[in-house]
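> The structure follows.
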Amino acid sequence: MDEIEYKLKTNSSVLIVNAVDKLISTIKSKFKPAERQKFVLENEELKFLRDKCSSSDAVVSLTACQGLLALVELNVLEIGYTMSTIVSLLPTAHNFSAIISTMAGLLVLDLKHRLVPGQPYRCQFSLRSPQHPFITILEKNKDMESDVLAQMHALCNSHEYLVSSNSLELLRSSDSQASLLLACLSSQQICNPKLIDSSLAAYSAVTEAVLYQKRREYIVAIVPVLATICNQLLKHGHDPRPCYSLIERCFSIDAPELKCVSGLTLLILADNLTKTAALYLQELFNLCLNIIGKFEYSSLCLNSFVGLSLQWLHLPSYLTTNSLNTASKILETQQQDKPSNFLFIANLKSNKIFQTLVQTEKQLYAYFKLLETWERLQDEDKLKEWFDGLINSNSSLKIELLPFLVGVCLDRTGDEEIAVKTIQAIVQIVSVEKETSVTFLPILLYKLANDTRPNVKLACLKGLPFMAITKENVPTIVSVLNKLKANKGVPASLLVMLYTSLAETQVRCFPYLQEILVDVLTKADDLKWEVDIAKAIAVKRICEERASSHGLELVSVISSLLNRCTDKSGATATSIALEALAALWRGAAVAPPGTWRALEPRLGRDNRPAVQISLCKLLSEIPALRVSTPEYDKLISEASKRLWLSIAEGIHWTVSDAACNALANYKIDDYQLKDIPEVYRRTVKLPPAYCKTPADAIRKPEDVLDYVPCEVWPEVFKHTNQNALPAVENLVFTLIEREIGFFRSGVYMFDGREPQSLSNLPPHSVLRGITDCVRKQVTSPSYDIKEAVLLSMLSTLAKGYPRPLPPFDMSFLHDAFHRGPEWRTRSIELASRQALTSPSAKRLIENFLAGIASSNEESDVMLTFEFLPIMARTMPPNNLRPPVETRLEKSFSVVLASSNTEEFTFVKQLKLIKKCLECDRIHEANRTWLCQAVEGYFSQISDNSPIWPTYVDCCLALSTKYLERMTSPSGWWEVASDLLRKSTRIRSALAAQTDCTAPLVWLNESIDVHASQIVEQDYSLRCIFDALRVAKQDTPTTKDWLLQLMARIQVAFNKTEDESSKSYLCDVFMLSVITLSGIWSFEPDMEIILCNRANRQTVMPAAIAYLLNRDAWKGCTLQTLEWLCHTRDATHDPGLQRACQQSLLALRHCEEFVTHKIWTRLEHHFGSVASNDIEY
């Protein structure tokens, strides 16, 4: 051993080999086959040889490893044991090349040992246990990729035919080279900054091979993926030029089929322009110029590239001089280009290689589907409908689709409405992702300069100020607006609004607005009143948004508007200026007392109704701003007096209306009797307590009384313009509401009979004045009050107060009941509200309800349903239930006699019942029987009936207990198809509600039942889609619901044998992912997804990738990956297996895919990713 040790320490390769050879001879001489297990563990020479495999000397370690391999060939060591030994040496190895070469040799020996003549060889290793030794090496040391690749190359090109012919199986089991190739390409993690170079190398190798072999189908499929890789290279700071060169080589071959992807490649490359550095621009523009010079393309794609290159042309520099010359040529081509109606993308559907790759790259899939739909939809109405759905999708999805939207925006000949909506969508995106404003500003300017359509130009102008969200854009925008201002190219009013939007977006631009508000901008054809209104609106918007910072600076503008706009045409501008002043009051920018002192002489005698209305609204702000100072007390007194005068002497009834609404904000203590106009207080007399002497009796009440007597309020009704009576009602209602709020419980108590009146209330009680007047005029009419006025007072008493009115004898309502339909309505309403506290009111309602069941008057019947929310609070079920149920049955019996749902009394009744059930204050006993009544019609109404939608809407208001009982198939004797459809429809409507915590839970039982009901599954999917489309997509409850659905599917796979049930549950999952991700909006007709399982499976990979790419959903990535692996392995459906496998590949860029080694679970399913028809 000493001699061997000595030779191994020399630098002579010959001596080292000689020493190892002596070791091998010694080991072989001592080996006894019968004691193999003991020998390999205890032999000292073998231990020494194993130790030398980890030597730091490269020659020693390599020779020692060769020695182990020789011992295998000499049948001293077993292959499996030796492979395990080599793997165990990895932690201490210094020469990984030696380890790799030994592993390769062992693999060859294993091949020769296991190969049976006439039978194919099957490799024993896989991604998992037993793991392939090359994978183990790469996991331990990723820097050894080149050595592993070299060994793989050596195996594939071995001089031994036995080895080379089985090399692919030796390295990895595969049915065909085409499947292996697609599996390798689909697995490249092009979004991983650490692996993107190796991914590019893999694609480059394949591209070189197919270019050499001129395999056009592969070239067409790979080019768009290479464009996608360029995006990722730029995103992670790598040089994309080798990839550009590779794409250019692909387009240089003579292959007409490349026109199918020329436009798609341009669209993907357009996204490079927002990420690239100046260094790479020349190659990118040259590539684009080469493509458009050689192949046909979709004009939308070139529009997209040009649109995103405008940002570079807009801000030229020395660094981009040469590049921008090329960009200018592309721009000229785009301007001279004629729109093409050819279907380029449709031809890609027959390329099975592309279809395999596109489903594993979400961005590529999105552009492919959008272009396909855009080219296919020739009907303008259908195109508009589809585009509306697309731009109304979630913001994160629209940001991903920016190149496509830019392409649509620059379309010169397309539909004008679509162009305008695209511009509006772009502006919305800027509000979410403000960095995009730098990109979009040049696009809007270009569109503004080159598009001749007025509506499109207007949309661009309106969007321009919003680009100022980035301060670098401000100089350009200001320059454009100043040119418009100098040249007077747009109406002055529009210019003011543009400067206003600019100031709102960027606070530093306020001086520009201030300047234009002061300047006289009008030209010959400008209307003065229009400009004044625009300025007033501008001032109002700024005052509402930034009263504290800019409010004082705008006071002079407001004053100027008020001084200048004194004619009839200036009324609107004056009114808006007063609204701006109110905003300044609310923002504490100016003091109300001083402002009113300045305004009152100027506007107090203004006879323009619009101005007076705005003045009343301004005065309505004062009570909320009150401060305990003499100045404010005086202001409140003057303002209330002014409002009273406007009520009595308003130049128009709308002024009286506005004054009443404003006065409702004041307390009754804010004004005295003398502040009220004489017309309202002429009937007021001094109470006896104030007339103890003749001298006292001759005093005027307004000089003595320190309160407003109750007699005033009937006079207010009587002598105010009758058109303003609703506003008077609102004023009196507000006062009574405050009054009732201060009542103590003793007011509601009485002994014996009810009080005849409310004389127990104080003389200043508003309620007492109105009640006494109504009761007196009904029982003993004087005919000096118009009927409309009396009805208005009765309506005021019948309004919904927070508490009932104090009890008093309401027998007078029996007389009012018979005076006409309107009297009857108000009497029933008042009695219904008072039935809890007034026996006489309760008797009236009981008598009314008793006659409803047999009444032939539909108006009386509908009164019952109209006031059902009130009666359900105040009347017991034994009085209310019989007539309501009887009338429901009668109205339902005539439903089939008419085809117009508007004529159905039953429909009206259902709507009113829903309104009642939505009321939280009704008695639970009444809620119970109402729910039971509605529930009873569930089995009677067909889902094809015209009243079915109304019934479903009514069911949404039922209590959970009854909804569960009614729609839960688990409680039925038999699960009939019609009942199941109706149950599903109601549950989906419940799931579509957004005002509850977890609405989607309502779908669960319906999904479970439909899993065993094949006939109605398509119908259920439509209902589920309707619910998911309006669901709040990123809330925790939505995520929890989807995770629970995945868990239930896993349970079904473990416990259920019914394949159709499993497939349906997976259909629900796929539909949920497609809907929640927003990918459904890519399809022109959702029926394509709803009615075809294969289409759902095709869309799922991209949908799931988009969904989990959102920040709110990233926490669900690992659970989803695990679920996809489980479902793929558990299902027997080849289509679902392929969809799950492709979904896993689409998610390969997620961090969890690597950290949890999900990639090791892909091996046995790679063959299903490629079509069986693909041949290499």
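If you're matching positions, the sequence shown starts at 1 in UniProt numbering and goes up one per residue.
Cβ atoms here follow ideal geometry from the backbone N, Cα and C, with glycine treated the same way.
Would you decide whether threonine 960 is buried or exposed? Buried here means 16 or more other CB atoms lie within 10 Å of its CB.
Numbered from its first residue, the sequence shown carries residue 960 at position 960. By the 10 Å Cβ count, threonine 960 comes out exposed.
> Where does the unbroken alpha helix (DSSP H) through residue 1185 begin, and where does it stop?
What is shown of the chain runs 1 to 1176, which leaves residue 1185 out entirely.
> When the distance is taken between beta carbons, is valine 934 closer than 8 Å to isoleucine 913?
For the purposes of this step, residue 913 is identified with residue 913 of the sequence shown, where counting begins at 1. For the purposes of this step, residue 934 is identified with residue 934 of the sequence shown, where counting begins at 1. Yes, the pair counts as a contact, with Cβ atoms nearer than the cut-off.
> Report yes if the C-beta distance between tyrosine 499 and leucine 527 is below 8 Å; otherwise report no.
What you label residue 499 is simply residue 499 of the sequence shown in a count that begins at 1. What you label residue 527 is simply residue 527 of the sequence shown in a count that begins at 1. Result no, Cβ atoms of tyrosine 499 and leucine 527 do not sit closer than 8 Å.
> Please identify the residue among Arg965, Pro949, Phe867, His1010 whose C-alpha is closest to the C-alpha of leucine 917.
Numbered from 1 along the sequence shown, position 917 holds the residue referred to as residue 917. With distances taken between Cα atoms, leucine 917 lies closest to Phe867.
> Roughly how many whole angstroms lie between the Cα atoms of phenylalanine 848 and serine 859?
Translated into positions along the sequence shown, residue 848 becomes position 848. Translated into positions along the sequence shown, residue 859 becomes position 859. Each residue's Cα considered, the two are about 13 Å apart.
> CA-CA distance, cysteine 1125 and threonine 1117?
Against the sequence shown, residue 1125 aligns to sequence position 1125. Against the sequence shown, residue 1117 aligns to sequence position 1117. The alpha-carbon atoms of cysteine 1125 and threonine 1117 are separated by roughly 12 Å.
> Pick out the complete alpha helix (DSSP H) segments inside the region 10-58, 4 residues or longer, and give them in chain order.
Entirely contained in the region 10-58, the alpha helix (DSSP H) runs reaching 4 residues are, in chain order, 13-30, 36-42, 44-52.
> Could you name the residues that DSSP lists as bridge partners for glutamine 131?
Mapped onto the sequence shown, residue 131 falls at position 131. DSSP output for glutamine 131 lists Ser126 as bridge partner(s).
> Quick check: the region 682-698 against the region 625-642, are at least 3 beta-carbon pairs closer than 8 Å?
no
> Counting Cβ pairs, one atom from each stretch, are 3 or more of them under 8 Å apart for the region 234-241 and the region 388-402?
Contact between the region 234-241 and the region 388-402 is absent, because fewer than three Cβ pairs lie under 8 Å.
> From what residue to what residue does the alpha helix (DSSP H) around arginine 826 run?
By one-based count along the sequence shown, residue 826 stands at place 826. First-last of the alpha helix (DSSP H) with arginine 826: 821-834.
> Check whether the Cβ atoms of tyrosine 244 and leucine 287 sit closer than 8 Å, and answer yes or no.
Working through the sequence shown from its first residue, we reach residue 244 at position 244. Working through the sequence shown from its first residue, we reach residue 287 at position 287. Result yes, Cβ atoms of tyrosine 244 and leucine 287 sit closer than 8 Å.
> Tell me which residue opens and which closes the alpha helix (DSSP H) that cysteine 1125 is part of.
In the sequence shown, the residue the question calls residue 1125 occupies position 1125. It spans 1117-1130 - the alpha helix (DSSP H) in which cysteine 1125 sits, taken as one unbroken run.
> Check each candidate in Cys123, Asn95, Pro117, Gln119 and name the one with the smallest Cα separation from leucine 106.
What you label residue 106 is simply residue 106 of the sequence shown in a count that begins at 1. Measuring from the Cα of leucine 106, the nearest candidate turns out to be Cys123.
> With distances taken from CA atoms, which of Ser56, Val306, Leu348 is nearest glutamate 332?
The sequence position of residue 332 within the sequence shown is 332, counting from 1. Check the Cα spacing between glutamate 332 and each of Ser56, Val306, Leu348: the tightest is with Val306.
> Are the beta-carbon atoms belonging to glutamate 822 and leucine 791 less than 8 Å from one another?
Position 822 of the sequence shown, counting from 1, holds the residue named residue 822. Position 791 of the sequence shown, counting from 1, holds the residue named residue 791. Going by C-beta atoms, glutamate 822 is nearer than 8 Å to leucine 791.
> Are serine 977 and glutamate 1016 close, meaning C-beta to C-beta below 8 Å?
Counting from 1 along the sequence shown, the entry for residue 977 is found at position 977. Counting from 1 along the sequence shown, the entry for residue 1016 is found at position 1016. Yes, the Cβ-Cβ distance between serine 977 and glutamate 1016 is below 8 Å.
> Quick check on valine 1051: buried or exposed, where buried means 16 or more other Cβ atoms within 10 Å of its Cβ?
The residue labelled residue 1051 in the question sits at position 1051 within the sequence shown. It is exposed - the Cβ of valine 1051 has fewer than 16 other Cβ atoms within 10 Å.
> Between the Cα of glutamate 372 and the Cα atoms of Gln1142, Thr1120, Pro1084, which residue gives the shortest distance?
Here residue 372 is taken as the residue at index 372 of the sequence shown, counted from 1. Selected option, being the one with the closest Cα: Pro1084.
> Among residues of its own chain, excluding the 5 on either side of serine 173, which ones have a beta-carbon nearer than 6 Å to its beta-carbon?
Reading the sequence shown from its first residue, position 173 is the one you call residue 173. Residue placement at serine 173 cannot be trusted, given a pLDDT of 47 that sits under 50; the coordinates are not used to answer.
> Determine the closest residue to glutamate 20 out of Lys30, Phe31, Leu8, with distance taken between C-alpha atoms.
By one-based count along the sequence shown, residue 20 stands at place 20. A small fix is needed here, since residue 20 is valine in this sequence, not glutamate. Nearest of Lys30, Phe31, Leu8 to valine 20, Cα basis: Leu8.
> What separation, rounded to the nearest whole angstrom, lies between the Cα atoms of valine 590 and asparagine 473?
For the purposes of this step, residue 590 is taken as residue 590 along the sequence shown, with counting starting at 1. For the purposes of this step, residue 473 is taken as residue 473 along the sequence shown, with counting starting at 1. Taking the straight line from one Cα to the other gives about 34 Å.
> Report yes if the CB atom of residue 1189 is closer than 8 Å to the CB atom of valine 539, and no otherwise.
Because the chain spans 1 through 1176 in this model, residue 1189 falls outside it and cannot be assessed.
> Distance, Cα to Cα, leucine 1108 vs methionine 1086?
By 1-based counting over the sequence shown, the position of residue 1108 is 1108. By 1-based counting over the sequence shown, the position of residue 1086 is 1086. Approximately 22 Å between the Cα atoms of the pair.
> Write down the C-beta distance between leucine 444 and asparagine 303 rounded to the nearest angstrom, noting that I regard them as a contact closer than 8 Å.
In the sequence shown, residue 444 corresponds to position 444, counting from 1. In the sequence shown, residue 303 corresponds to position 303, counting from 1. Not a contact, Cβ separation roughly 14 Å.
> Between leucine 625 and chain B, is any beta-carbon pair separated by less than 8 Å?
Protein chain content of the structure displayed is limited to a single chain, and chain B is not contained in it.
> If you follow the alpha helix (DSSP H) that threonine 320 is in, where does it begin and where does it stop?
Looking up residue 320 in the sequence shown gives position 320. Note, threonine 320: premise wrong, no alpha helix (DSSP H); not H, not E.
> Specify the secondary structure class of tyrosine 707 as computed by DSSP and reduced to three states.
Here residue 707 corresponds to residue number 707 of the sequence shown, with the count starting at 1. Looking at tyrosine 707 - three-state DSSP - the assignment turns out to be coil, as it is neither helix nor strand.
> Considering only the alpha carbon of each residue, which of Glu139, Ser198, Gly851 lies closest to proline 883?
Numbered from 1 along the sequence shown, position 883 holds the residue referred to as residue 883. Of Glu139, Ser198, Gly851, the residue nearest in Cα terms is Gly851.
> Return helix, strand or coil for aspartate 175, following the three-state DSSP convention.
Reading the sequence shown from its first residue, position 175 is the one you call residue 175. Its pLDDT being 44, under 50, aspartate 175 is placed unreliably by the model, and nothing is read from it.
> So, for leucine 195: in the same chain, excluding its five sequence neighbours on each side, which residues have a beta-carbon less than 8 Å away from its beta-carbon?
The count along the sequence shown starts at 1 and reaches residue 195 at position 195. Result list for leucine 195: Gln188, Gln189, in chain order.
> Alpha carbon to alpha carbon, how far is glutamine 66 from isoleucine 137?
Here residue 66 corresponds to residue number 66 of the sequence shown, with the count starting at 1. Here residue 137 corresponds to residue number 137 of the sequence shown, with the count starting at 1. Glutamine 66 and isoleucine 137: Cα-Cα distance of roughly 18 Å.
> Considering only their Cβ atoms, is the gap separating valine 40 from leucine 49 smaller than 8 Å?
Taking the sequence shown and counting its residues from 1, one reaches residue 49 at position 49. Taking the sequence shown and counting its residues from 1, one reaches residue 40 at position 40. The Cβ atoms of leucine 49 and valine 40 do not sit closer than 8 Å to each other.
> Secondary structure at threonine 1160, three-state DSSP: helix, strand or coil?
By 1-based counting over the sequence shown, the position of residue 1160 is 1160. If DSSP states are grouped into helix, strand and coil, threonine 1160 belongs with the helices.
> Can you give me the start and stop residues for the alpha helix (DSSP H) that residue 1179 sits inside?
Here the chain covers residues 1 to 1176 and nothing more, so residue 1179 does not appear.
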